[in-house]
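Asks: Sequential numbering from 0 applies to the sequence shown in numbering that gives the first Met the number 0.
Every residue, glycine too, gets a C-beta built ideally from N, C-alpha and C.
The structure presented is a predicted model; accordingly, all values stated were derived computationally and were not measured.
Attaching a single structure in structure tokens format; questions to follow.
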Amino acid sequence: MSVTMDGTKQQRRGNTRQRIQDVALELFAEQGYEKTSLREIAERLDVTKAALYYHFKTKEEILVSVFEDLTRPIEDLIEWGKGQPHTLETKQEIVRRYHKALADAEPLFRFMQENQATVRELRIGDTFKDRMRGLRNIIIDPDAALTDQIRCISALFTLHAGMFVMQDVEGDPREKREAVLEVAVDLVTQAHRGSHPAEGPDQGPDQAPSDAS
0 MSVTMDGTKQ QRRGNTRQRI QDVALELFAE QGYEKTSLRE IAERLDVTKA
50 ALYYHFKTKE EILVSVFEDL TRPIEDLIEW GKGQPHTLET KQEIVRRYHK
100 ALADAEPLFR FMQENQATVR ELRIGDTFKD RMRGLRNIII DPDAALTDQI
150 RCISALFTLH AGMFVMQDVE GDPREKREAV LEVAVDLVTQ AHRGSHPAEG
200 PDQGPDQAPS DAS
């Protein structure tokens, strides 16, 4: 019985923590990180400042926790990619998974885009740079031509641009997301085939040219 109660309590705490994160991110986006106080976050949540303090002692703790939670799929993707061969299929899958991770964490990345000075001052700025270096390392072939390495890196930034720039372009949001993903996949496909011309345009990433003899 006590185990069940403890589990329920743990889940309730987890839900409160997530509510704090969501509300804090809303306020940071609305009025800026610097202008938002813990008191305002507590008031929006309709809890006491002491209750908020139980979970987080500072605004930075809240923001760092949001960053760590929402970017964990990117960290998992990097770890997965380290153990994969540098095939076209792997690179396309990296792009697809990163596209989904960005979409799931869109409020956070929108905040980071609009508050770049704040992000640089906090440790999440350096952590995000490390994430991008990790993604770069798993998506490029070290021996590939420089132009093909740039195409692979550009695929990642195409996904970033799709999240921020494309919102001002007319069209159905879902169609725009699919178009951005298609362009990013095309970039890694072109880069891979430039580095592995023997595969040919119609062969899969793991297929060798057929022996005509």
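Short of 7 Å in beta carbon distance, which residues of its chain neighbour G133, apart from the five on each side in sequence? Order them along the chain.
Replies: Taking the sequence shown and counting its residues from 1, the one referred to as residue 133 is at position 134. Contacts found: I77.
Asks: What three-state label does DSSP hand E217 in the structure shown?
Replies: The structure shown has nothing for residue 217, since the chain only spans 0 to 212.
Asks: Under the rule that 16 or more other beta-carbon atoms within 10 Å means buried, what is Q166, buried or exposed?
Replies: Against the sequence shown, residue 166 aligns to sequence position 167. Per the 10 Å Cβ criterion, exposed.
Asks: Does DSSP classify T188 as helix, strand or coil?
Replies: By one-based count along the sequence shown, residue 188 stands at place 189. In this structure, T188 counts as helix in the three-state DSSP scheme.
Asks: Give me, in chain order, the residues of the same chain whose beta-carbon lies closer than 8 Å to that of A41; leave out the 5 immediate sequence neighbours on both sides.
Replies: Looking up residue 41 in the sequence shown gives position 42. For A41, where only same-chain residues beyond five positions count, the Cβ hits under 8 Å are T47, K48, A50, L51.
Asks: Do S194 and D129 have their CB atoms nearer than 8 Å?
Replies: In the sequence shown, counting from the first residue as 1, residue 194 sits at position 195. In the sequence shown, counting from the first residue as 1, residue 129 sits at position 130. Against a cut-off of 8 Å, the Cβ pair of D129 and S194 comes out as no contact.
Asks: Which whole-angstrom value is the C-beta distance of I93 and I138, which I expect to be below 8 Å?
Replies: Position 94 of the sequence shown, counted from the first residue, corresponds to residue 93. Position 139 of the sequence shown, counted from the first residue, corresponds to residue 138. About 5 Å separates the two Cβ atoms, so the contact holds.
Asks: Restricting to runs no shorter than 4 residues, where is the alpha helix (DSSP H) found entirely within the stretch 16-47?
Replies: Segments of the alpha helix (DSSP H) lying fully in the stretch 16-47: 37-44.
Asks: Can you tell me which of the three DSSP states G82 falls into?
Replies: To locate residue 82, count along the sequence shown from 1; it is residue 83. Note: G82 maps to coil in three-state DSSP.
Asks: Check whether the Cβ atoms of F127 and L24 sit closer than 8 Å, and answer yes or no.
Replies: Indexing the sequence shown from 1 puts residue 127 at position 128. Indexing the sequence shown from 1 puts residue 24 at position 25. In this structure, L24 does not lie closer than 8 Å to F127 by Cβ.
Asks: When the Cα atoms are used, what is the spatial distance from P204 to Q189?
Replies: Here the question's residue 204 lines up with position 205 in the sequence shown. Here the question's residue 189 lines up with position 190 in the sequence shown. Low per-residue confidence applies at P204: pLDDT is 42, beneath 50, and the placement is therefore not dependable, though the value from the model is reported in the following sentence. If you take the alpha carbons of P204 and Q189, they lie about 12 Å apart.
Asks: Mapping DSSP to helix, strand and coil, what is K56?
Replies: Along the sequence shown, one-based indexing puts residue 56 at 57. Coil at K56, not helix or strand.
Asks: Using a Cβ-Cβ cutoff of less than 8 Å, which residues in the same chain neighbour I19 once the five nearest sequence positions on both sides are dropped?
Replies: Against the sequence shown, residue 19 aligns to sequence position 20. Once the five neighbours on either side are set aside, the close Cβ partners of I19 are I40, L44, L51, H54, F55, I61.
Asks: Do L180 and C151 have their C-beta atoms within less than 8 Å of each other?
Replies: Here residue 180 refers to the residue found at position 181 when the sequence shown is read from its first residue. Here residue 151 refers to the residue found at position 152 when the sequence shown is read from its first residue. No.
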